[in-house]
Amino acid sequence: MGKGAQETVLRLEGVTKRIGGKAIVNDLSFELKKGEIVGLLGPNGAGKTTTIRMIVGLIKMTEGDITVGGASVRKDFENAIRHVGGIIENPEFYPYMTGLDNLKQYQRMSDGVTDSRVREAAELVGLQHALGKKVKTYSLGMRQRLGIAQALLHKPSVLILDEPTNGLDPAGIREMRDYMKHVAEREGIAILVSSHLLSEMELMCSRVVVIQEGKLVTVRAIGEGAGHPDGAGAGEGIVTVSIQVSDPERALAAVSAMEGIRSANRQGDAGRLSVTLPHERIPSVIQLLGGEGIGVYRVEEIKASLEEEFMKWTGGNRIA
Amino acid sequence: MHKMGALIWNEWLKLYKKRSFFVPYAVMACYIGFAVFVVVKKYYEPGSAFAFMDDIASMRFVGQLLPIVAIIAIANVVPMEFRLGTIKLLLIRSQSRNKILASKFIVTLLHGFSLILALFAMAFACGLALYGFGPFDWAAVARNMLDLAAYTFIYAALTFMVGVLTKSSGATVGISMFCLMIGSLVTMLLSQYSFAKFLLFPNADLSVYRNGGQPMLEGMSLPFSAAVLAAYAVVFMAASFATFINRDVS
């Protein structure tokens, strides 16, 4: 990923969880480097939640190990977990206590969290004026922000977020995303986030780890050319375009014979061709079609969204 | 035990900040108020402040109530974390599950002791108001307190364990109350069998041995009952800790 020099803060090695002989998570390995946001993707039941919960020690792993900041979750839990901040599903608090009382609960449980750090964390998420109110009066968005504050309280090096945007409205989702980007860039915190909102992941993550049936399917970078439907040729100016023509049969024959064309296929029934070629060859394709007397109605770039890729990776037989 | 004090303080705040915290104290106060009324009406005449306190704060009267009112709070100590979902934030701190459960258990006991102290304080105050200060048999008071503490402790430990096992406060209240209620009935039904004396219920009330009193079943003595209670307490604790430490939270 071109960031090999960055230090690894979270590493999963051959992590396996078996319940009653069935492997929920099977030999899963991946790692997170400082300051990167990685998405954990998979269809329902793929083992995302189990994986996240094994990282934070809520679920015990059957085999393998997870290290955080060099400490093993298995053998040295208290030292491993001190580098981790987590929001597991919706953050839940003691509703009959104030926001401040809730934060103080977690302040007392960690080393070196001062009162000014508690205030700082509350200010980061803009809750400083609501700290004196009981949490039962908070909206879901405010609870979500308090969740971020509690996760950042002890200055972790990794944030683990399980479905953090569940139940949030679009504004809340956007706010959450901005906070994530902010803490990753400004504080160098690595973030692992599981979500089924693929478009969200696309906007937020620099890499995605895709799992299915508890196994690793692929690890992909997001961004620069990664939207290419074949996943190959990223960054080389190779694009795939959809061309709507009057005579697809002849057009296909003509285009296929051209130099520099990577692939050309019929696409659907609407007289469309899907052509993969270098960016600078597009004008000559259109010239050629014009010269052959074939009408060109539309030329559009096909940019596979993460969703389409996801369907391909996971066989597309299940809804994420 | 790094941070143990902080953990205990956390747990105490979780109990104390609840509006229902004062309910058990209020229930006991009502009972004692009723007893004062009965004395004032001369339906019952203990004769001295000490006698009043010794009667009221004993297994014969309000003391019997202690585990029942204690259960209200104890049944929530562990199940509440699961019901609210806060268990997920509680267990991802740099503290072992052992320490977290230990802090919860210690607070459970502190709560029980606070109820006993409140009971004695209220009974003492009312006794003074009724009769003024007279001769007090402090050894008897201490013995009474210990008996109540043992009785409250063993049911507190049972409730705590049921809470850890079921994760549900409703089920915990139900099961613990049921155990309290059927105790004497079960003892009676099984009294013909010799194993009955190893049951929890006939041993829970150590006050029966006071003043040379007779135990419920043959072959029982104060050291015997104390040992049985200790064994039950160890089993309850072991089951609670083993379950809590190995549980997958999903």
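Heads up: the sequence lines are chains H and V, in that order.
Number 181 in my numbering belongs to position 181 of the first sequence; there are no gaps in the numbering.
Number 1136 in my numbering belongs to position 136 of the second sequence; there are no gaps in the numbering.
From the three backbone atoms N, C-alpha and C, an ideal C-beta is built for every residue, glycine too.
Model, not experiment: these values are computed from the prediction.
Roughly how many angstroms separate the alpha carbons of residue i and residue j, rounded to a whole number?
i, j, result
"M109 (chain H)", "K1018 (chain V)", "21 Å"
"K136 (chain H)", "N26 (chain H)", "40 Å"
"E63 (chain H)", "S72 (chain H)", "13 Å"
"F1160 (chain V)", "A1233 (chain V)", "11 Å"
"D1209 (chain V)", "P1202 (chain V)", "The amino acid at residue 1209 (chain V) is misidentified as Asp; the sequence shows Tyr. One C-alpha to the other measures close to 12 Å."
"V1077 (chain V)", "S305 (chain H)", "48 Å"
"S206 (chain H)", "V158 (chain H)", "15 Å"
"N1211 (chain V)", "G132 (chain H)", "55 Å"
"R1104 (chain V)", "P1223 (chain V)", "The sequence as given places Lys at residue 1104 (chain V); Arg does not occur at that position. Rounded to whole angstroms, K1104 (chain V) to P1223 (chain V) spans 29 Å at the Cα level."
"Q1064 (chain V)", "K134 (chain H)", "36 Å"
"P95 (chain H)", "V113 (chain H)", "23 Å"
"L1130 (chain V)", "G1033 (chain V)", "12 Å"
"E309 (chain H)", "A1171 (chain V)", "47 Å"
"D111 (chain H)", "I1008 (chain V)", "16 Å"
"V1164 (chain V)", "L1180 (chain V)", "18 Å"
"H228 (chain H)", "Q267 (chain H)", "Residue confidence for H228 (chain H) is low, a pLDDT of 45 falling below 50, so the modelled location carries little weight; the figure read from the coordinates is stated next. So the alpha carbons of these two residues sit roughly 16 Å apart."
"L216 (chain H)", "T51 (chain H)", "11 Å"
"E13 (chain H)", "S242 (chain H)", "42 Å"
"T1166 (chain V)", "G1174 (chain V)", "11 Å"
"M984 (chain V)", "D269 (chain H)", "Summary: the structure shown does not reach residue 984 (chain V), with chain V confined to residues 1001 through 1250, and so no result is reported for it."
"G1127 (chain V)", "P1024 (chain V)", "21 Å"
"L1229 (chain V)", "Y179 (chain H)", "54 Å"
"E7 (chain H)", "R220 (chain H)", "19 Å"
"F93 (chain H)", "Y1155 (chain V)", "29 Å"
"Q287 (chain H)", "K303 (chain H)", "23 Å"
"E78 (chain H)", "R1093 (chain V)", "7 Å"
"L1217 (chain V)", "Y1193 (chain V)", "10 Å"
"L1190 (chain V)", "V1162 (chain V)", "24 Å"
"A1226 (chain V)", "F1198 (chain V)", "11 Å"
"A1118 (chain V)", "G1134 (chain V)", "21 Å"
"S116 (chain H)", "Y106 (chain H)", "14 Å"
"G271 (chain H)", "I88 (chain H)", "49 Å"
May I ask which residues mark the beginning and end of the alpha helix (DSSP H) holding residue i?
i, result
"V1141 (chain V)", "1138-1166"
"G39 (chain H)", "Run containing G39 (chain H): none in the alpha helix (DSSP H); it sits in the beta strand (DSSP E), 37-41."
"I282 (chain H)", "282-291"
"T276 (chain H)", "No alpha helix (DSSP H) contains T276 (chain H), which is instead part of the beta strand (DSSP E) from 272-278."
"Y179 (chain H)", "170-187"
"T1108 (chain V)", "1097-1131"
"K321 (chain H)", "A question about residue 321 (chain H) goes unanswered here, because the residues of chain H that appear run from 1 up to 320."
"R250 (chain H)", "248-256"
"R1093 (chain V)", "Segment: none, R1093 (chain V) is in no alpha helix (DSSP H) and carries neither H nor E."
"S1048 (chain V)", "Segment: none, S1048 (chain V) is in no alpha helix (DSSP H) and carries neither H nor E."
"S199 (chain H)", "198-204"
"L1324 (chain V)", "The structure shown does not extend to residue 1324 (chain V), since chain V is modelled only from 1001 to 1250, so the question has no answer here."
"I1032 (chain V)", "1023-1040"
"L306 (chain H)", "306-313"
Would you grab the beta carbon distance between residue i and residue j for me? Rounded to a whole angstrom, and I think it's under 8 Å.
i, j, result
"W1012 (chain V)", "L1110 (chain V)", "7 Å"
"T218 (chain H)", "W313 (chain H)", "6 Å"
"L152 (chain H)", "L1091 (chain V)", "18 Å between Cβ atoms; not a contact."
"I1071 (chain V)", "T1108 (chain V)", "In fact, because the Cβ distance is near 11 Å, the residues do not count as touching under 8 Å."
"I160 (chain H)", "L192 (chain H)", "5 Å"
"M204 (chain H)", "R177 (chain H)", "5 Å"
"S1221 (chain V)", "P1215 (chain V)", "7 Å"
"A190 (chain H)", "V56 (chain H)", "Not really, about 14 Å apart at Cβ, beyond 8 Å."
"P1067 (chain V)", "Y1016 (chain V)", "That belief does not hold up - the Cβ atoms of P1067 (chain V) and Y1016 (chain V) are roughly 20 Å apart, past 8 Å."
Assuming residue i is part of the beta strand (DSSP E), what are its boundary residues?
i, result
"N265 (chain H)", "263-267"
"Q244 (chain H)", "238-245"
"F30 (chain H)", "22-33"
"I160 (chain H)", "158-162"
"T49 (chain H)", "Counting along the chain, T49 (chain H) falls outside any beta strand (DSSP E), though it belongs to the alpha helix (DSSP H) covering 48-55."
"E300 (chain H)", "296-301"
"K1014 (chain V)", "It is not in any beta strand (DSSP E) - K1014 (chain V) instead sits in the alpha helix (DSSP H) that spans 1004-1016."
"L216 (chain H)", "215-221"
"L192 (chain H)", "190-194"
With a threshold of 8 Å, establish whether the CB of residue i neighbours any heavy atom of the ligand MN.
i, result
"E78 (chain H)", "With respect to the ligand MN, the structure offers nothing, as it holds no ligand at all."
Entirely enclosed beta strand (DSSP E) segments - the segment 61-146 of chain H, minimum 3 residues: 63-68, 84-88
Contact between the segment 1040-1047 of chain V and the segment 1097-1114 of chain V (3+ Cβ pairs under 8 Å): no
Any 3 or more C-beta pairs closer than 8 Å across the segment 1080-1090 of chain V and the segment 1055-1063 of chain V: no
Touch test, the segment 242-254 of chain H against the segment 82-95 of chain H, Cβ-Cβ under 8 Å, three pairs minimum: no
Three-pair Cβ contact test at 8 Å for the segment 167-176 of chain H versus the segment 269-278 of chain H: no
Three or more C-beta pairs below 8 Å linking the segment 43-53 of chain H and the segment 192-209 of chain H: yes
Minimum length 4: unbroken alpha helix (DSSP H) runs contained in the segment 1172-1250 of chain V: 1201-1204, 1222-1246
Cβ contact check for the segment 119-127 of chain H and the segment 136-156 of chain H: 3 or more pairs under 8 Å: yes
Contact list for the segment 22-53 of chain H against chain C, Cβ threshold 9 Å: Here chain C cannot be found, since the structure's protein chains are H and V.
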